[in-house]
DNA sequence: TAAATAAATTAGCCAAGGCTAATTTATGAA
DNA sequence: TTCATAAATTAGCCTTGGCTAATTTATTTA
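Residue numbers (our numbering), protein chains in the order written: chain A, 83 to 227; chain B, 83 to 227.
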C-alpha cells in the first residue's frame, strides 16, 4: 500500500516500520531483534530482508546487517505517522489500548492519504470538544470503572 | 477476522458479504456473478465456495448452487454493518466516494467491535455538529470546487 | 430433441509469507 | 587463540488465495 514511489506490501511496510523503530532505539536493527519484535522466526526475517533489499527499501549485506534506503525510510516514517494518527484517534474515542494496538496494526495499511488527514483534522477538532468525546465514551460499557 | 463463532479470513468475509448482497438483490448467487462482483475468476470462486462449505459458512452442491448457513449469514451481515458504519464515517469527513469505497474495503476486516461502535457513536454526534464537520472538510484542498 | 452456448468444475500452476531443521558465520570468554 | 554460544543463513516445506486452460454439466434455441 502507500501510493507515491515504489510499491510495498503490508508485510513489507510492517518490517520497515519495525526496522526504523529499532534503529531509532538502538542505532541498528539485528535480524534476531526484528524477528522478536514482529513475533516471527529469524528465517522469515532473512527472507523478507533480502526482498526489501532487491526492491530498494534496504541495503543489506549477508551477516553484516542492514540499513534503510531513503525510500525505505520514507515509507517507514509514513507508516509510523499513520500509526500515530490512528492510535490517537481510537484512543480519543476511549478504546482500550490493547484493542487500539491490534486495530491500528490492521488498519494502517489500508487508508488513503485523504482519509488519514481527514481523521487527523477530526482529532484536532475533537480535542476542543471534550463534551462530545464524553458522550461517545459514555456509550461504552467499560466506562470509568 | 470477527471474533465470536468460527474463524473466517478477510477473503472469506468478502465472499460472504457479496454472496449475501447477490442473494438479496436477485434471490440467488451464481458463481459467475460472484466472480464478476469480486473481479476475480470463476475458478477461484469455485475453490473458495468449497472451502466456505467445509467450514460451515455455506451449503453448496456441485453445479446446483449455494446458500448461506446461519453462521455465514451472521458474518455477512456483520461485515455489511461494518461496511455501512465505516462508509458513513469517511463520507461524513468529506472523503470522495471512490476513496471511501477502497479504504472501507481494506479496513472493514480489522476493527474490533469496541472501535467500530465508538465510531458509530461518533458519527451520531457529528451529525448534530455540522459546524465541526465543516471545519474538517475545509482543511481538505479538494473543498467545494 | 439435438446442437450451440453458457456456467461450473478440475487440474495444475504461481507468489506471498509464514514455518522448522540443519548449517554456517561471528563473537565472547577461558 | 580456541572453543562455546549466539546470530544468521539455507533448504525445503506449508497455506492462502489468486490464475489459465481444459473439461464437464446445464440450459437455451432452432
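Just so it is clear, CB atoms sit at the ideal spot from N, CA and C, and this is done for glycine as well.
Give the interface partners of residue 170 (chain B) over in chain A, defined as CB-CB distance under 8 Å, in chain order. Translated into positions along the second chain, residue 170 (chain B) becomes position 88. Residues of chain A passing the Cβ test: none, with the nearest at roughly 13 Å.
Short of 7 Å in beta carbon distance, which residues of its chain neighbour residue 227 (chain A), apart from the five on each side in sequence? Order them along the chain. Stepping through the first chain from its first residue, residue 227 (chain A) is reached at position 145. The predicted model places residue 227 (chain A) with a pLDDT of 37, which falls under 50 and marks its position as unreliable; any figure quoted below should be read in that light. Closer than 7 Å at Cβ, skipping near neighbours: no residue.
Between B:195, B:196, B:181 and B:201, which lies nearest to residue 193 (chain A) when the distance is taken from Cα to Cα? Working through the first chain from its first residue, we reach residue 193 (chain A) at position 111. Comparing C-alpha distances from residue 193 (chain A) to each of B:195, B:196, B:181 and B:201 shows the shortest one belongs to B:181.
Quick check for students: name the residue ranges of the beta strand (DSSP E) that lie wholly in the stretch 109-166 of chain A, counting only runs of 3 or more. The DSSP assignment places complete beta strand (DSSP E) segments of no fewer than 3 residues inside the stretch 109-166 of chain A at 140-143 and 147-150, in order along the chain.
Grab the span of the alpha helix (DSSP H) containing residue 208 (chain A) for me, first residue to last. Taking the first residue of the first chain as position 1, residue 208 (chain A) is located at position 126. First-last of the alpha helix (DSSP H) with residue 208 (chain A): 195-209.
How many whole angstroms separate the CB atoms of residue 93 (chain B) and residue 130 (chain B), which I take to be in contact at a CB cut-off of 8 Å? Sequence index remark: in the second chain, residue 93 (chain B) carries index 11 (1-based). Sequence index remark: in the second chain, residue 130 (chain B) carries index 48 (1-based). Confirmed, Cβ separation roughly 7 Å.
Does DSSP classify residue 168 (chain B) as helix, strand or coil? As a position in the second chain, residue 168 (chain B) is number 86, starting the count at 1. Correct three-state label for residue 168 (chain B): helix.
Determine the DSSP secondary structure at residue 217 (chain B), reduced to helix, strand or coil. Start at 1 with the first residue of the second chain, and residue 217 (chain B) comes out as number 135. Looking at residue 217 (chain B) - three-state DSSP - the assignment turns out to be helix.
What does the alpha-carbon distance come out to for the pair residue 216 (chain B) and residue 203 (chain A)? Along the second chain, read from residue 1 onward, the residue named residue 216 (chain B) stands at position 134. Along the first chain, read from residue 1 onward, the residue named residue 203 (chain A) stands at position 121. Residue 216 (chain B) and residue 203 (chain A): Cα-Cα distance of roughly 11 Å.
By Cβ distance, which residues of its chain are closer than 7 Å to residue 157 (chain B), with the 5 residues on each side in sequence left out? Looking up residue 157 (chain B) in the second chain gives position 75. By the criterion of a C-beta distance shorter than 7 Å, residue 157 (chain B) is surrounded in its chain by 84, 90, 95, 98 and 139, once the five residues flanking it on both sides are discounted.
Just to confirm, is the Cβ distance from residue 178 (chain A) to residue 196 (chain B) under 8 Å? Here residue 178 (chain A) refers to the residue found at position 96 of the first chain. Here residue 196 (chain B) refers to the residue found at position 114 of the second chain. Yes; because the gap between Cβ atoms is below 8 Å, this pair is in contact.
Between residue 90 (chain A) and chain B, is there a C-beta pair that is closer than 8 Å? Along the first chain, read from residue 1 onward, the residue named residue 90 (chain A) stands at position 8. Chain B contact via Cβ: absent.
Closest Cα partner of residue 190 (chain A) within the set A:136, A:207 and A:171: Looking up residue 190 (chain A) in the first chain gives position 108. For residue 190 (chain A), the nearest C-alpha among the options comes from A:171.
With distances taken from CA atoms, which of B:141, B:109, B:175 and B:100 is nearest residue 121 (chain B)? Mapped onto the second chain, residue 121 (chain B) falls at position 39. Of the residues B:141, B:109, B:175 and B:100, the one whose Cα lies closest to the Cα of residue 121 (chain B) is B:100.
DSSP state of residue 83 (chain B), grouped into three classes? For the purposes of this step, residue 83 (chain B) is identified with residue 1 of the second chain, where counting begins at 1. Here residue 83 (chain B) sits in coil by DSSP.
Exposure of residue 186 (chain A), with buried meaning 16 or more beta-carbon neighbours within 10 Å: The residue given as residue 186 (chain A) occupies position 104 in the first chain. Buried, because 16 or more other Cβ atoms sit within 10 Å of the Cβ of residue 186 (chain A).
Any idea what DSSP makes of residue 90 (chain B), helix, strand or coil? In the second chain, the residue the question calls residue 90 (chain B) occupies position 8. DSSP places residue 90 (chain B) in coil when its eight states are reduced to three.
Please report how far the alpha carbon of residue 154 (chain B) lies from the alpha carbon of residue 163 (chain A), in whole angstroms. As a working mapping, residue 154 (chain B) is identified with position 72 in the second chain. As a working mapping, residue 163 (chain A) is identified with position 81 in the first chain. When rounded, the distance between both Cα atoms is 36 Å.
Run down chain A in chain order and give the residues with a C-beta less than 8 Å from the C-beta of residue 177 (chain B). As a first step, residue 177 (chain B) is located in the second chain; it is residue number 95 there, counting from the start. Taking the beta carbon of residue 177 (chain B) as reference, the chain A residues within 8 Å of it are 194, 196, 197 and 200, listed in sequence order.
In angstroms with no decimal places, state the Cα-to-Cα distance between residue 143 (chain B) and residue 184 (chain A). On the second chain, position 61 is the one that residue 143 (chain B) refers to. On the first chain, position 102 is the one that residue 184 (chain A) refers to. In this structure, the CA atom of residue 143 (chain B) is about 38 Å from the CA atom of residue 184 (chain A).
Return the first residue and the last residue of the alpha helix (DSSP H) that residue 186 (chain B) is part of. On the second chain, position 104 is the one that residue 186 (chain B) refers to. Unbroken alpha helix (DSSP H) run through residue 186 (chain B): 179-189.
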